[in-house]
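Please read the structure below before turning to the comments.
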Ligand code: UT7
C-alpha cells in the first residue's frame, strides 16, 4: 500500500556566539562548576545577545537547513515553530521567520509545548504532510530561554541556554513499512495536573509580564523518567522494533542523568546517544533539532538510520518520534 511519509531533506542550527561557563555563573549565584556538572552534565550554555530575538535565531537555523537541503525558501509550504519564548505575544514568531526568508506564500504558526515543543511541532507538520495539506515543511525549535530566567535563582538559572534548530521535511511516497524513509510515528501526551511543578509565573492574561521559570526540579526529574519511558515504549511498540534496532537516540537535553537512564532502558551503548547537554544546556524546544543538526552534520546520522527522539517538559507534556533518516 502506498502512503505519504514526511522525509527528512536537511537540517540546520544556530547558537548565539556568547558562551557562559559554570564558573561564570558561580560568580553570580551560590553554585559551583562541580555541582552543576555532577547533577546535570552541563558545562556551559550559549546566551543570546541583547536585541537578538528568537526569530533571529530561528531564521539562521532555517537558512542553514535550506542550504543543507538545497531547497529554496519559495518551495516551503508550512513553517511550524516550537517556542516558549516568542518575540511577541502575537503574531507568531513563525510568521517573522516566513517574512525573513522572503516567503510570500504558505502558512506559518507557533506551537507551545515547552521542552516537548519540537516533538509536538514535528507531529503537527508530519500530519499536514501526510494528508497532503502541505508538501514541504520547515519544523523549527527555537528559544531565548535566558529571557525568562530569574538570574538569582540557582535552582533554574544554571540549567538553561538559548539556540535554534530546524528540520526540513517533504512528503514522499512510501509503502508503509518500517524500512520507509521518513517519520514513522509520533506519540504525544500531556497532563495539565502537573502545572505547579514547572511553569512561568507570568503571561499576558495573568500578570501582563513575561514572568520567570519556576520548577520543582526533583519532582520533574521523577516524572520525566517514567513519562519518557512511556513515550519511548509507545514508539517501539507501534513500530515492532527493539532497542537494538535504534541507530541513534536523540533525546531532549535537560539532564545527563535522565538521558543515561533512557539509554540504559533501551540497552543502548553511550556512543549511540547524541549528547549536547554539556555544551548547550537545556535549550527547551531547540535541544532536539540542535542535536540532530550536530549529529547529521558530522556524519554520525546517515540516510537510512533509525532515529528515536523523546522529550518531556512543562504542562506536563511529553512525547516521542521515530524517524528513518
Ligand atoms: O526540560 C524540562 C524538564 N526539566 C527537567 O527535566 C529537569 C529535571 N530535574 C533535574 O534535572 C534535577 O532535579 C535538577 C538538576 C534540577 C536538580 O538536581 P537534584 O539532584 O534533583 O537536586 P535537588 O533539587 O534535590 O537539590 C539538591 C540540593 C538542594 O540543597 P539541600 O536542600 O539538599 O540543602 C538544593 O538547594 O542542591 C541544591 N541546589 C544547588 N546547589 C548548588 C539546587 N540548585 C543548586 C545549584 N548549585 N545550582
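In the working numbering, the protein residues as written are 14 to 338. Where a beta carbon is used, it is the ideal one built from N, C-alpha and C, also for glycine. No experiment lies behind these values; they were computed from the predicted model shown.
Candidates 92, 230 and 68, of which the one nearest residue 170 by Cα: On the chain shown, residue 170 is found 157 positions in, with the first residue counted as 1. Comparing Cα positions, the closest option is 230.
The stretch 174-182 in contact with the stretch 115-124 per 3-pair CB rule at 8 Å: no
Where the alpha helix (DSSP H) containing residue 139 begins and where it ends: Start at 1 with the first residue of the chain shown, and residue 139 comes out as number 126. Start and end: 130-143.
Per-residue DSSP class, three states only, for residue 118: The sequence position of residue 118 within the chain shown is 105, counting from 1. Coil, per DSSP.
Boundaries (first-last residue) of the alpha helix (DSSP H) holding residue 67: Mapped onto the chain shown, residue 67 falls at position 54. Boundaries of the alpha helix (DSSP H) around residue 67: 67-82.
Beta-carbon proximity check, residue 24 vs residue 309, cutoff 7 Å: In the chain shown, the residue the question calls residue 24 occupies position 11. In the chain shown, the residue the question calls residue 309 occupies position 296. Yes, the Cβ-Cβ distance between residue 24 and residue 309 is below 7 Å.
Integer Cβ distance of residue 172 from residue 55, believed to fall under 8 Å: The residue given as residue 172 occupies position 159 in the chain shown. The residue given as residue 55 occupies position 42 in the chain shown. With 8 Å as the limit, residue 172 and residue 55 qualify as a contact, their Cβ atoms being about 7 Å apart.
Distance cut-off 6 Å: residue 326 Cβ against heavy atoms of the ligand UT7: Residue numbering aside, residue 326 sits at position 313 when the chain shown is read from its first letter. Because some heavy atom of the ligand UT7 lies under 6 Å away, the Cβ of residue 326 counts as near it: yes.
Under 7 Å between C-beta atoms of residue 155 and residue 97: Counting from one through the chain shown, the residue named residue 155 turns up at place 142. Counting from one through the chain shown, the residue named residue 97 turns up at place 84. No, Cβ-Cβ distance for residue 155 and residue 97 is not below 7 Å.
Residue 334 Cβ short of 6 Å to the ligand UT7 heavy atom set: Position 321 of the chain shown, counted from the start, is the residue given in the question as residue 334. Set against 6 Å, the gap from the CB of residue 334 to the closest heavy atom of the ligand UT7 is not smaller.
Through-space distance from residue 131 to residue 207, alpha-carbon basis: Numbered from 1 along the chain shown, position 194 holds the residue referred to as residue 207. Numbered from 1 along the chain shown, position 118 holds the residue referred to as residue 131. For residue 207 and residue 131, the distance between alpha carbons rounds to 20 Å.
Cβ-heavy atom distance, residue 171 to the ligand UT7, below 6 Å: Position 158 of the chain shown, counting from 1, holds the residue named residue 171. The answer is yes for residue 171.
Residue 266 vs residue 289 beta-carbon contact at 7 Å: The residue labelled residue 266 in the question sits at position 253 within the chain shown. The residue labelled residue 289 in the question sits at position 276 within the chain shown. Yes. Within cutoff.
Rounded straight-line distance, which links the Cα of residue 221 to that of residue 5: Only positions 14 to 338 of the chain appear in the structure, and residue 5 is not among them; the question remains open.
CB of residue 74 within 7 Å of CB of residue 133, strictly: Taking the chain shown and counting its residues from 1, one reaches residue 74 at position 61. Taking the chain shown and counting its residues from 1, one reaches residue 133 at position 120. Not in contact: residue 74 and residue 133 (Cβ atoms no closer than 7 Å).
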